[in-house]
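Novice: Going line by line, the protein sequences match chains W, D, P and E.
In terms of this note's numbering, the first sequence is residues 3 to 249.
In terms of this note's numbering, the second sequence is residues 3 to 249.
In terms of this note's numbering, the third sequence is residues 3 to 249.
In terms of this note's numbering, the fourth sequence is residues 3 to 249.
Note that the Cβ used here is the ideal one computed from N, Cα and C, for glycine as well.
Handing you this structure, nothing more for now.
Number of protein chains: 4
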Amino acid sequence: MNTNDNKIDFDFFFKELDVKVDQVWKEIFSTSGFINAIESGQMTKELYAIYMVETFHYTSHNARNQALVGTRENCNSVYSRFCYEHAAEEVGHEKMALHDVLSIGLKDIEFTIPRPLPETETLIAYLYWISLTGNPLQRLGYSYWAENCYAYINPMIAKVRNTLMLEASQLTFFIAHSDIDADHFNDVKNIIRRTCKTRQDIDSVVYAMDATLRLTGKVLEAVYLEYEKFKSGASLRYAFLAQIDDA
Amino acid sequence: MNTNDNKIDFDFFFKELDVKVDQVWKEIFSTSGFINAIESGQMTKELYAIYMVETFHYTSHNARNQALVGTRENCNSVYSRFCYEHAAEEVGHEKMALHDVLSIGLKDIEFTIPRPLPETETLIAYLYWISLTGNPLQRLGYSYWAENCYAYINPMIAKVRNTLMLEASQLTFFIAHSDIDADHFNDVKNIIRRTCKTRQDIDSVVYAMDATLRLTGKVLEAVYLEYEKFKSGASLRYAFLAQIDDA
Amino acid sequence: MNTNDNKIDFDFFFKELDVKVDQVWKEIFSTSGFINAIESGQMTKELYAIYMVETFHYTSHNARNQALVGTRENCNSVYSRFCYEHAAEEVGHEKMALHDVLSIGLKDIEFTIPRPLPETETLIAYLYWISLTGNPLQRLGYSYWAENCYAYINPMIAKVRNTLMLEASQLTFFIAHSDIDADHFNDVKNIIRRTCKTRQDIDSVVYAMDATLRLTGKVLEAVYLEYEKFKSGASLRYAFLAQIDDA
Amino acid sequence: MNTNDNKIDFDFFFKELDVKVDQVWKEIFSTSGFINAIESGQMTKELYAIYMVETFHYTSHNARNQALVGTRENCNSVYSRFCYEHAAEEVGHEKMALHDVLSIGLKDIEFTIPRPLPETETLIAYLYWISLTGNPLQRLGYSYWAENCYAYINPMIAKVRNTLMLEASQLTFFIAHSDIDADHFNDVKNIIRRTCKTRQDIDSVVYAMDATLRLTGKVLEAVYLEYEKFKSGASLRYAFLAQIDDA
């Protein structure tokens, strides 16, 4: 990172950060059975359902841990306001994920949403951890990649949509986020410019970006493994998905 | 309270609640040495300063405990969003209280803001308590009276302004709040209409209104007692106020 | 307080603190309708029941907030261990309070334990506040008077026992505490000697002693007022007590 | 699991659980570069130091998250007392880890303990998560394997001790734990017998055992990867270890 007289060169920092984000995404993409299933047109309703249920789980915590950052004692007013405003905009988004997964043939099936996979709980736990402890600014490292993930994710969604022949009305979660997040990504960069003052601030943003994106990669991996266990009968967690009508 | 078929008659409820709020305010006004000092034109810069410092203290927690309500697990989306949005609007208001108190002659005095009086800490502690435990809706009982307190408070502020010959620019805290809170009071009534469904919800709103307004009354009382101890020298907590130039 | 070379003279400090505790107790005793009812032999089962239910409420939080102090980041090992060990010894004591109140004629009455009085909730909230914020050592100010309150309380219990003709088996809460607390009081003094290093530590212990003992006094006052409202029918919170057989 | 009339067959359950613990350990051992380094006699002071610093980090949270379980509202007295007592016994154990790592040649090196590796923070975060949310009994799944890990770990420690020629006085952390934990493991089994009543209780213990042991495996993996980055210069986090005198 380039700093002069303790002034951070944010343009340079964002370029560096984009490179790091790109590296982690490429590692995830290159090793992920889940991504491979999408790209090779082997996505199924069942695999998609497992993914969306796990997405529902962690999404239902995002507004909360975002708001909690703002309540920290060592949080300045500008950043607290950012946290509360973004939390307000993200409330209830998990309902879109739930709507979308129900739309692919789960509406008439009776089931209880299973406990998240350990990898999903771990991501959730870690998002609270970086929100409630350490440098409050570090959660911006999560927002940084999450609000700008659509360059990586949109081609996957297009593939899934095509493979499963989904309507736009069945993709409310991704379409809504992809719209909102363009603005949010600029907000995130602006708030980083306004609040990060020290090398330690910047380092903690990078640390949290790296850690949370990798944990998200582990969730994708775990979704795919759970799908294989569902198919082989080795896990009954998602057994209710066998009732989906694939016709 | 009048309920038909489990439907709450909110117009009736708000009228009842207004009567209760009015009763508690009248009890506070009729027994308060602080209010008496204002009304009899005996307000001094020192008494006002003690009041504003204690106000600064509890105000610095209001956005936080408001946001925390929204993070509760049993909070619906509509109410969570309300909590985060209102928290966003209240961030940093304590700085106005601090600005105002500094303006009356404290700018050139070196001092450390003293620890809040026990009664102020008790109010702060209790606001976190109703925000973090029990029925999440109950904090609306605090908002209900707090966002509508200007009917009671504005005449007092006018008196203080007159006695101490303050400019509008020295009353930013009260003027800003009195503007914002007219809208907020309607928001509070609307969110009560949308979220309170049961007798228990309503009862908890009433309980918290009563408890928090009485605790606020105790803060006023404690401010006045501390002022008397300041004058007699029995307490050194606010000794730095002796340096204010009363000329 | 007498300090030489930043070494605290604890013997002197404890004497000073005892004087302050004594002053607050005397204020409480001299103005309390509750204490007056006991001393004049006018205690009734209903008044005692209200007191014991409110005691049940705050006691059920004491082990918790004691343990929470130990989890604070800025807590040294010696003090954390003290907190956990004392918490372990206080777990479940509220059940004794419940047992005792049931024994005076409530066993065959069907009732739901009412929400604590606002003054009781305020005490509970404030105990969490001093446990979770500020100087972690300050909670020792609460322990200091609470573990040594039997000099003040035992004569009252003897009066109550006599007036209501209670067996020892109906006073398990007070008898158990009065036994345990002799040891605990020494523990509290020892841990203060080992952990308090600065004037700020000492001041925060004194602050919390004063604040929590006064809030406890307010609970006694509120219990008595609630009893009067019970008798006049102005409050229905404890209406179920009318079923106690006073014969 | 075998249940009759809702009575859990704990002997059977513990056998099943031991099999599962054994499977996860075997997976960890068979794929771990760290374990392989130990077994092949290639342990170095630097690798050991990284491991012990990361151990120091998560150990410094164990008493805390153990105590926090006991403060949960839905925790019965027996279990709360267990939590506080075990927390009391584990306070300060991280100091032993620190002592041991300093003893291998770090005493005269000036360094700041680096932020934990993301995998270590993830384990810490997840331990708080299972302590503070969900079924409070689930943390016993962590205690179950952690208090009984010495069957797996002792041979590794013996190897390390031999390779690095360490005195017993340099292994206080492992020796102390291995002594304490034999008793603790029986305590854990007894408290499971006393508190677990339902299939859901048992399932949550199994879930947390599996999740936390796997996360611990990831820490070992991350320690080894960090060591390789230290050697290649790809990471400067532990650069200060280059000053250890390996003579």
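What residues in the region 78-96 of chain P bring their beta carbon closer than 7 Å to a beta carbon of chain E?
Specialist: Within the region 78-96 of chain P, the qualifying residues are S79, S82, R83, Y86, E87, A89, A90, V93, G94.
Novice: Consult DSSP for I194(E) and reduce its assignment to one of helix, strand or coil.
Specialist: Along the fourth sequence, read from residue 1 onward, the residue named residue 194(E) stands at position 192. Reduced to three states, the DSSP call for I194(E) is helix.
Novice: What is the DSSP secondary structure of M54(W), reduced to helix, strand or coil?
Specialist: Taking the first sequence and counting its residues from 1, the one referred to as residue 54(W) is at position 52. In this structure, M54(W) counts as helix in the three-state DSSP scheme.
Novice: Using the three-state DSSP reduction, which class does M158(D) fall into: helix, strand or coil?
Specialist: What you label residue 158(D) is simply residue 156 of the second sequence in a count that begins at 1. M158(D) falls in the helix class under three-state DSSP.
Novice: Within its chain, find whatever has a CB closer than 7 Å to the CB of M98(D); leave out the 5 residues flanking it on each side and keep chain order.
Specialist: On the second sequence, residue 98(D) is found 96 positions in, with the first residue counted as 1. The residues are T174, F175, A178.
Novice: Residue range of the alpha helix (DSSP H) that F84(W) falls in?
Specialist: Position 82 of the first sequence, counted from the start, is the residue given in the question as residue 84(W). Run containing F84(W): 79-92, per the alpha helix (DSSP H) assignment.
Novice: Determine whether the Cβ of T122(E) lies closer than 8 Å to any Cβ atom of chain P.
Specialist: Translated into positions along the fourth sequence, residue 122(E) becomes position 120. No, because no Cβ of chain P sits closer than 8 Å to the Cβ of T122(E).
Novice: Short of 8 Å Cβ to Cβ, which residues in the region 138-172 of chain E face chain P?
Specialist: So nothing in the stretch comes that close.
Novice: How would you list, in chain order, the residues of chain W whose beta-carbon sits under 7 Å from the beta-carbon of R66(D)?
Specialist: Here the question's residue 66(D) lines up with position 64 in the second sequence. Within chain W, the residues near R66(D) are T73.
Novice: Compare the beta carbon distance of S133(E) and N67(E) with 8 Å and say whether it is the shorter of the two.
Specialist: Looking up residue 133(E) in the fourth sequence gives position 131. Looking up residue 67(E) in the fourth sequence gives position 65. Contact flag set, yes.
Novice: Would you give the residue range spanned by the alpha helix (DSSP H) that M211(P) belongs to?
Specialist: Numbered from 1 along the third sequence, position 209 holds the residue referred to as residue 211(P). That run of the alpha helix (DSSP H) goes 201-234.
Novice: Any residues in the region 201-231 of chain E with a beta carbon nearer than 8 Å to a beta carbon of chain W? Which ones, in chain order?
Specialist: The region 201-231 of chain E vs chain W, Cβ under 8 Å: Y209, D212, A213, R216, L217.
Novice: For W27(P) and chain D, any beta-carbon pair shorter than 8 Å?
Specialist: The residue labelled residue 27(P) in the question sits at position 25 within the third sequence. Output row for W27(P): interface = no.
Novice: Taking 8 Å as the CB-CB limit, is A127(D) close to chain P?
Specialist: As a first step, residue 127(D) is located in the second sequence; it is residue number 125 there, counting from the start. For A127(D), the answer is yes, since a Cβ of chain P falls inside 8 Å of its Cβ.
Novice: Buried or exposed: where does K220(W) fall if 16 or more other Cβ atoms within 10 Å of its Cβ makes it buried?
Specialist: The residue labelled residue 220(W) in the question sits at position 218 within the first sequence. Under this definition K220(W) is a buried residue.
Novice: In the structure shown, what three-state DSSP assignment does T122(E) receive?
Specialist: Taking the first residue of the fourth sequence as 1, we reach residue 122(E) at position 120. Note: T122(E) maps to helix in three-state DSSP.
Novice: So E56(W) and V225(W) are supposed to be a Cβ contact under 8 Å. How far apart are they, rounded?
Specialist: Translated into positions along the first sequence, residue 56(W) becomes position 54. Translated into positions along the first sequence, residue 225(W) becomes position 223. Correct: roughly 6 Å between the Cβ atoms.
Novice: Here's a check: name, in chain order, each residue in its chain whose Cβ is nearer than 6 Å to the Cβ of I88(D), leaving out the five neighbours to either side.
Specialist: By one-based count along the second sequence, residue 88(D) stands at place 86. The identity of residue 88(D) in the sequence shown is His, whereas the question assumes Ile. Once the five neighbours on either side are set aside, the close Cβ partners of H88(D) are Q68.
Novice: By alpha-carbon positions, which one of Y209(E), C77(E), C151(E) ends up nearest to T122(W)?
Specialist: Numbered from its first residue, the first sequence carries residue 122(W) at position 120. Comparing Cα-Cα distances from T122(W) to each of Y209(E), C77(E), C151(E), the minimum goes to Y209(E).
Novice: Does the distance from the CB of V103(D) to the CB of F58(D) come in under 8 Å?
Specialist: Here residue 103(D) refers to the residue found at position 101 of the second sequence. Here residue 58(D) refers to the residue found at position 56 of the second sequence. In this structure, F58(D) lies closer than 8 Å to V103(D) by Cβ.
Novice: Rounded to whole angstroms, what is the Cα-Cα separation between Q245(P) and L222(P)?
Specialist: As a position in the third sequence, residue 245(P) is number 243, starting the count at 1. As a position in the third sequence, residue 222(P) is number 220, starting the count at 1. Spanning the two alpha carbons is a distance of roughly 23 Å.
Novice: Since R141(P) is in the alpha helix (DSSP H), which residue starts that stretch and which ends it?
Specialist: By 1-based counting over the third sequence, the position of residue 141(P) is 139. Counting along the chain, the alpha helix (DSSP H) containing R141(P) begins and ends at 141-148.
Novice: Could you tell me whether the region 101-115 of chain E touches the region 189-209 of chain W, using the rule of 3 or more Cβ pairs below 8 Å?
Specialist: The region 101-115 of chain E vs the region 189-209 of chain W: no contact.
Novice: Count the other CB atoms, across all protein chains shown, that sit within 10 Å of the CB of P157(E); report buried if there are 16 or more and exposed otherwise.
Specialist: Numbered from its first residue, the fourth sequence carries residue 157(E) at position 155. With fewer than 16 other Cβ atoms within 10 Å, it is exposed.
Novice: Determine which residues of the region 39-63 of chain E have a Cβ less than 9 Å from any Cβ of chain W, and write them out in chain order.
Specialist: Residues passing the 9 Å Cβ filter: none.
Novice: Would A69(P) pass as an interface residue toward chain E - the criterion being a Cβ-Cβ separation below 8 Å?
Specialist: On the third sequence, position 67 is the one that residue 69(P) refers to. Closer than 8 Å: yes.
Novice: Distance check for R239(W) and L227(W), CA to CA, integer angstroms please.
Specialist: Translated into the one-based positions of the first sequence, residue 227(W) becomes position 225. Translated into the one-based positions of the first sequence, residue 239(W) becomes position 237. Rounded to whole angstroms, L227(W) to R239(W) spans 12 Å at the Cα level.
Novice: How is L238(W) classed by DSSP in three states: helix, strand or coil?
Specialist: As a position in the first sequence, residue 238(W) is number 236, starting the count at 1. It is coil, neither helix nor strand.
Novice: Does T5(W) have its Cβ less than 8 Å from a Cβ in chain E?
Specialist: On the first sequence, position 3 is the one that residue 5(W) refers to. Its pLDDT being 46, under 50, T5(W) is placed unreliably by the model, and nothing is read from it.
Novice: Kindly indicate the opening and closing residues of the alpha helix (DSSP H) around A309(P).
Specialist: It is not possible to answer for residue 309(P), since the shown part of chain P is limited to 3 through 249.
Novice: In terms of alpha-carbon separation, which member of Y229(E), V190(E), A213(E) lies closest to Y81(E)?
Specialist: Taking the fourth sequence and counting its residues from 1, one reaches residue 81(E) at position 79. Ranking Y229(E), V190(E), A213(E) by Cα distance to Y81(E) puts V190(E) first.
Novice: Under a Cβ-count criterion, where at least 16 other Cβ atoms within 10 Å of its own Cβ denotes burial, should I126(E) be classed as buried or exposed?
Specialist: Walking along the fourth sequence from the start, residue 126(E) turns up at place 124. By the neighbour-count rule (16 or more Cβ atoms within 10 Å), I126(E) is buried.
Novice: Would you give the residue range spanned by the alpha helix (DSSP H) that D102(W) belongs to?
Specialist: Stepping through the first sequence from its first residue, residue 102(W) is reached at position 100. Unbroken alpha helix (DSSP H) run through D102(W): 96-104.
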